[in-house]
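Colleague: Submitted below is the structure of interest, expressed as structure tokens.
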Amino acid sequence: MKVNLSLVPIVIATTTAIEQGGAFVENGRIATLERNGKLVNNDDFLKSDSILVTQLATERTTRIKAQALRLSAFAERYGFSGYSELKTALAEGYSSVSITLPGAILRKLIASGDPDLSGLELYFPEKDVINNAMVATNINPWQQIDSSAQGTNIGIYMTESGCADESGRSNYDRLAGTQTNHSRNVFGIMRAVSPESFIYCRGGAVLPNNSDIDGVGINPPIYVINRSNGGNTTINYSTLDRDWDNFSYNNRIAIFNAAGNEGGATNTIISPAKGINVVAVGNYDDSTNVINTSSSFLDPDINAAKPELSAPGTSIDAGGFIMTGTSMASPHAAAMAADLMSKYSFYRLRPHVVNAVMIGGATDIISGGKDKVGSGGIDFLSTAYNGWHYYYQGGNSAFASFDSGDGSSDGYITKKVTISSAWKNVRVAIAWQNRGTFTYDHRADAHPIGQDLDLTIYSPTGAYVGSSVSWDNPYETVNFKPTVSGTYTIKVKRYANRDGGADFRMGLLINTY
Numbered sequence: 006m007k008v009n010l011s012l013v014p015i016v017i018a019t020t021t022a023i024e025q026g027g028a029f030v031e032n033g034r035i036a037t038l039e040r041n042g043k044l045v046n047n048d049d050f051l052k053s054d055s056i057l058v059t060q061l062a063t064e065r066t067t068r069i070k071a072q073a074l075r076l077s078a079f080a081e082r083y084g085f086s087g088y089s090e091l092k093t094a095l096a097e098g099y100s101s102v103s104i105t106l107p108g109a110i111l112r113k114l115i116a117s118g119d120p121d122l123s124g125l126e127l128y129f130p131e132k133d134v135i136n137n138a139m140v141a142t143n144i145n146p147w148q149q150i151d152s153s154a155q156g157t158n159i160g161i162y163m164t165e166s167g168c169a170d171e172s173g174r175s176n177y178d179r180l181a182g183t184q185t186n187h188s189r190n191v192f193g194i195m196r197a198v199s200p201e202s203f204i205y206c207r208g209g210a211v212l213p214n215n216s217d218i219d220g221v222g223i224n225p226p227i228y229v230i231n232r233s234n235g236g237n238t239t240i241n242y243s244t245l246d247r248d249w250d251n252f253s254y255n256n257r258i259a260i261f262n263a264a265g266n267e268g269g270a271t272n273t274i275i276s277p278a279k280g281i282n283v284v285a286v287g288n289y290d291d292s293t294n295v296i297n298t299s300s301s302f303l304d305p306d307i308n309a310a311k312p313e314l315s316a317p318g319t320s321i322d323a324g325g326f327i328m329t330g331t332s333m334a335s336p337h338a339a340a341m342a343a344d345l346m347s348k349y350s351f352y353r354l355r356p357h358v359v360n361a362v363m364i365g366g367a368t369d370i371i372s373g374g375k376d377k378v379g380s381g382g383i384d385f386l387s388t389a390y391n392g393w394h395y396y397y398q399g400g401n402s403a404f405a406s407f408d409s410g411d412g413s414s415d416g417y418i419t420k421k422v423t424i425s426s427a428w429k430n431v432r433v434a435i436a437w438q439n440r441g442t443f444t445y446d447h448r449a450d451a452h453p454i455g456q457d458l459d460l461t462i463y464s465p466t467g468a469y470v471g472s473s474v475s476w477d478n479p480y481e482t483v484n485f486k487p488t489v490s491g492t493y494t495i496k497v498k499r500y501a502n503r504d505g506g507a508d509f510r511m512g513l514l515i516n517t518y
């Protein structure tokens with residue numbers, strides 16, 4: 006019988022420097038860029054982040070070796086050490102492996118109570134998700150006329166059942182896989198939205214190999230992943246979701262995944278789009294601005310609201326094919342994120358910032374209901390052109406440092422900004438990362454998320470404007486109309502800190518549009 010066998014993921018000691026910073030963006034240009042209270046430029050960010058890249062690579066090597074040793078010993082213990090399916094898992098240090106085992110070994114595993122065994126699930130087959138778009142998302146004209154937002158120096162990793170051929174495609178490396186019509190369409194969408202990014206593809210719907218992450222050859226590192234593929238049409242947060250959450254957390258890479266085409270059937274979000282660090286993307290029809298009825302929306306059992314946002318995915322003409330599905334929506338969002346990373350370098354290695362700005366900038370009104378649409382339709386102009394883009398990160402105790410650093414140890418991180426009543430709308434969004442292992446181990450709890458943050462806004466007079474205090478989401482948003490000009494106060498409270506071993510990493514967008 007084929008199963009998904011999962012061991013307890015290795016956790017290694019890491020050190021995350023306390024750091025905050027970001028930019029005030031005005032008319033698509035950085036007016037001020039700061040890091041730890043000092044004005045800096047993009048080159049300063051890139052230089053400092055190069056140290057972080059080295060640190061992450063060292064941590065990754067340590068984690069791979071330890072996880073491989075654990076899996077090897079476990080397989081030896083239960084008599085399946087010679088199985089061919091283990092080869093890649095051992096080489097890459099995976100905590101999970103899909104493997105066919107005889108009944109005798111399965112019965113032994115089930116009865117073992119082995120503390121190294123985290124999960125044993127029935128294997129679920131995965132499939133590619135098929136069922137004017139750039140005008141709708143303001144890629145045309147705003148990104149197209151912005152030379153800084155073409156995806157330059159950004160690596161995008163795509164994965165699904167296959168990969169388009171390299172012939173006739175520039176800035177592209179097919180690492181493994183054979184061509185499918187689906188992969189040609191997905192590639193075409195990403196190339197149109199992000200013309201100068203470097204795209205890697207590995208078939209089989211797998212995470213990047215560790216040798217892929219920092220770039221192959223002289224090509225750019227991977228900063229964003231798109232997966233137009235998935236499985237597990239139940240509401241269960243699975244080991245697949247956990248592993249993709251852990252990958253984003255450990256490697257600081259933003260991940261976008263098709264929400265699924267289960268609308269009208271099971272309605273369920275597919276895996277690994279159930280992941281709390283993974284942005285699930287719904288599919289809307291840009292000719293009507295209505296969510297496609299096939300787009301998945303049923304929240305997983307961990308109660309995180311999915312999808313987070315939506316993008317055009319209906320009758321998308323790209324790569325020589327016209328296709329419909331969340332598979333077509335997700336690469337549009339991922340490629341837009343790559344454009345933003347090329348424009349604002351401090352987004353790189355900060356998926357918490359990417360998630361906050363993508364959710365906070367998804368302001369296009371799409372009919373169908375918030376449960377199906379998420380925060381709204383993605384919009385490059387809204388996301389990139391005016392507002393405050395900030396981040397806070399450090400070890401778990403860094404929240405207290407940011408709390409005291411704003412002038413008062415009152416249990417809140419406070420940010421004050423001056424907003425003019427000339428703006429029609431403001432959306433404030435926060436997003437933060439959580440460890441997949443904690444969520445998986447606590448998935449039966451009332452609230453499995455490791456950290457729970459709340460967001461409240463006050464007007465220049467001190468009057469309450471609005472708040473967002475969900476229990477289980479890794480993001481919060483508040484929308485309001487600035488009726489008076491002046492200094493608005495944004496306050497973030499850490500309502501719950503259940504996972505004391507996790508870093509505090511939060512992105513903040515104050516979007517004026």
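According to the numbering used here, the sequence shown is numbered sequentially starting from 6.
Don't be surprised by glycine CBs; every beta carbon is placed ideally from N, CA and C.
(1) For I104, name the three-state secondary structure that DSSP assigns.
(2) Check the C-beta distance from N401 over to G505 and give it rounded, since I have them as a contact under 8 Å.
(3) Going by beta-carbon coordinates alone, are A338 and F407 separated by less than 9 Å?
(4) Alpha carbons only, please: which of A181, M195, L180 and L125 is nearest the one belonging to Q155?
(5) What distance in whole Å lies between the Cβ atoms of S372 and T331, which are believed to be in contact at a cut-off of 8 Å?
(6) To the nearest angstrom, how far is it from the Cα of S315 to the Cα of T20?
(7) Should S11 and G160 be called a contact, given that it needs their Cβ atoms to be closer than 9 Å?
(8) On a Cα-Cα basis, can you pick out the residue from T492, L122, S202 and K348 that is closest to V470?
(9) Can you confirm whether the region 284–294 touches the region 449–464 when touching is taken to mean that 3 or more C-beta pairs between the two stretches lie within less than 8 Å?
(10) Identify whether Q72 lies in helix, strand or coil by the three-state DSSP scheme.
(11) According to the Cβ coordinates, are Q398 and R232 closer than 9 Å?
(12) Within 10 Å of its beta-carbon, does S55 have 16 or more other beta-carbons around it, so buried, or fewer, so exposed?
(13) Rounded C-beta distance between E131 and N234? I'm assuming under 8 Å.
(14) Could you name the residues of the same chain whose beta carbon sits closer than 8 Å to that of N41, not counting the 5 residues immediately before and after it, in chain order?
(15) What distance in whole Å lies between the Cβ atoms of K498 and G410, which are believed to be in contact at a cut-off of 8 Å?
(16) At 3 residues or longer, and completely inside the region 11–80: list those beta strand (DSSP E) runs for me, N to C.
(17) The alpha helix (DSSP H) spanning H357 covers which residue range?
(18) Within 10 angstroms of the Cβ of D121, are there 16 or more other Cβ atoms? Answer buried if so, exposed if not.
(19) Among I204, W249 and V30, whose alpha-carbon lies nearest the alpha-carbon of P225?
(20) Is the Cβ-Cβ distance between N282 and P479 less than 9 Å?
(21) Out of curiosity, what's the CA-to-CA distance linking I321 and S299?
(22) On the DSSP letters alone, give me the boundaries of the alpha helix (DSSP H) that N256 sits inside.
(23) Look at the alpha carbon of I327 and the alpha carbon of N190, and state the distance between them as a whole number of angstroms.
(24) For N32, tell me which candidate among N241, T488, A389 and D450 has the shortest Cα-Cα distance.
(25) Start and end of the beta strand (DSSP E) containing I462?
(26) Between which two residues does the beta strand (DSSP E) containing K522 stretch?
(27) Within 10 angstroms of the Cβ of W147, are there 16 or more other Cβ atoms? Answer buried if so, exposed if not.
(28) Would you mind stating whether S101 and L245 have Cβ atoms separated by less than 9 Å?
(29) Who are the near neighbours of E90 in its chain, counting only those whose CB is closer than 8 Å to its CB and skipping five residues on each side?
(30) In the DSSP assignment, the alpha helix (DSSP H) including S387 goes from what residue to what residue?
(31) Under a CB-based cut-off of 9 Å, is F203 close to chain B?
(32) When we look at the beta-carbon of N137 and count the other beta-carbons within 10 Å, is it buried (16 or more) or exposed?
(33) So for V499, helix, strand or coil by DSSP?
(34) Need the endpoints of the beta strand (DSSP E) that V286 sits in, please.
(35) Got a sec? Which residues, its chain only, sit under 6 Å from K348 by beta carbon, not counting five neighbours each side?
(36) Apply the 10 Å Cβ neighbour rule to W437 and answer buried if 16 or more other Cβ atoms are within range, or exposed otherwise.
Modeller: According to the structure shown:
(1) Indexing the sequence shown from 1 puts residue 104 at position 99. I104 falls in the strand class under three-state DSSP.
(2) Translated into the one-based positions of the sequence shown, residue 401 becomes position 396. Translated into the one-based positions of the sequence shown, residue 505 becomes position 500. Separation of the CB atoms of N401 and G505 is rounded to 6 Å, and the pair is thereby assigned contact status at 8 Å.
(3) Here the question's residue 338 lines up with position 333 in the sequence shown. Here the question's residue 407 lines up with position 402 in the sequence shown. No, these two residues do not count as a Cβ contact at 9 Å.
(4) Indexing the sequence shown from 1 puts residue 155 at position 150. Checked all of A181, M195, L180 and L125; the closest Cα to Q155 is M195.
(5) Residue numbering aside, residue 331 sits at position 326 when the sequence shown is read from its first letter. Residue numbering aside, residue 372 sits at position 367 when the sequence shown is read from its first letter. Contact flag wrong, Cβ pair sits at about 17 Å.
(6) Within the sequence shown, numbered from 1, the residue matching residue 315 stands at position 310. Within the sequence shown, numbered from 1, the residue matching residue 20 stands at position 15. Roughly 35 Å between the two C-alpha positions.
(7) Translated into positions along the sequence shown, residue 11 becomes position 6. Translated into positions along the sequence shown, residue 160 becomes position 155. Result no, Cβ atoms of S11 and G160 do not sit closer than 9 Å.
(8) By one-based count along the sequence shown, residue 470 stands at place 465. The shortest Cα separation from V470 among T492, L122, S202 and K348 belongs to T492.
(9) no
(10) Here residue 72 is taken as the residue at index 67 of the sequence shown, counted from 1. Here Q72 sits in helix by DSSP.
(11) As a position in the sequence shown, residue 398 is number 393, starting the count at 1. As a position in the sequence shown, residue 232 is number 227, starting the count at 1. Not closer than 9 Å, so no.
(12) Translated into positions along the sequence shown, residue 55 becomes position 50. Exposed, by the Cβ-count rule.
(13) Taking the first residue of the sequence shown as position 1, residue 131 is located at position 126. Taking the first residue of the sequence shown as position 1, residue 234 is located at position 229. Indeed they touch by this definition, with Cβ atoms about 6 Å apart.
(14) Start at 1 with the first residue of the sequence shown, and residue 41 comes out as number 36. Contacts found: E24, Q25 and G26.
(15) Within the sequence shown, numbered from 1, the residue matching residue 410 stands at position 405. Within the sequence shown, numbered from 1, the residue matching residue 498 stands at position 493. Between K498 and G410 the Cβ distance is about 15 Å, and since that is not below 8 Å, they are no contact.
(16) 24–31 and 34–40
(17) Counting from 1 along the sequence shown, the entry for residue 357 is found at position 352. P356 to G365 is the span of the alpha helix (DSSP H), which, as asked, contains H357.
(18) Counting from 1 along the sequence shown, the entry for residue 121 is found at position 116. With fewer than 16 other beta carbons inside 10 angstroms of its own, D121 counts as exposed.
(19) Taking the sequence shown and counting its residues from 1, the one referred to as residue 225 is at position 220. Measuring from the Cα of P225, the nearest candidate turns out to be I204.
(20) The count along the sequence shown starts at 1 and reaches residue 282 at position 277. The count along the sequence shown starts at 1 and reaches residue 479 at position 474. Contact flag set, yes.
(21) Translated into the one-based positions of the sequence shown, residue 321 becomes position 316. Translated into the one-based positions of the sequence shown, residue 299 becomes position 294. Answer to the nearest angstrom: the Cα atoms are 15 Å apart.
(22) Looking up residue 256 in the sequence shown gives position 251. Run containing N256: T244 to N256, per the alpha helix (DSSP H) assignment.
(23) By one-based count along the sequence shown, residue 327 stands at place 322. By one-based count along the sequence shown, residue 190 stands at place 185. Each residue's Cα considered, the two are about 8 Å apart.
(24) What you label residue 32 is simply residue 27 of the sequence shown in a count that begins at 1. The candidate whose alpha carbon is nearest that of N32 is A389.
(25) Position 457 of the sequence shown, counted from the start, is the residue given in the question as residue 462. Unbroken beta strand (DSSP E) run through I462: Q456 to Y463.
(26) Residue 522 falls outside the range modelled here, since the chain spans only 6 to 518, and no answer is possible.
(27) As a working mapping, residue 147 is identified with position 142 in the sequence shown. Buried: at least 16 other Cβ atoms inside 10 Å.
(28) Residue mapping note: residue 101 aligns to position 96 of the sequence shown, counting from 1. Residue mapping note: residue 245 aligns to position 240 of the sequence shown, counting from 1. Yes, they are a contact pair.
(29) One-based indexing of the sequence shown puts residue 90 at position 85. Cβ within range, chain order: V102, S103, I104 and T105.
(30) Taking the sequence shown and counting its residues from 1, one reaches residue 387 at position 382. Here the alpha helix (DSSP H) through S387 covers F385 to A389.
(31) Looking at the structure shown, chain B is missing, and only one protein chain is on hand.
(32) The count along the sequence shown starts at 1 and reaches residue 137 at position 132. So N137 counts as exposed.
(33) Numbered from 1 along the sequence shown, position 494 holds the residue referred to as residue 499. Reading the sequence as shown, one finds Arg at residue 499 and not Val. In the displayed model, R499 falls within a strand according to three-state DSSP.
(34) As a first step, residue 286 is located in the sequence shown; it is residue number 281 there, counting from the start. Per DSSP, V286 belongs to the beta strand (DSSP E) from V283 to D290.
(35) Taking the sequence shown and counting its residues from 1, the one referred to as residue 348 is at position 343. Result list for K348: S153 and A154, in chain order.
(36) Sequence index remark: in the sequence shown, residue 437 carries index 432 (1-based). The residue is buried, with at least 16 neighbouring Cβ atoms inside 10 Å.
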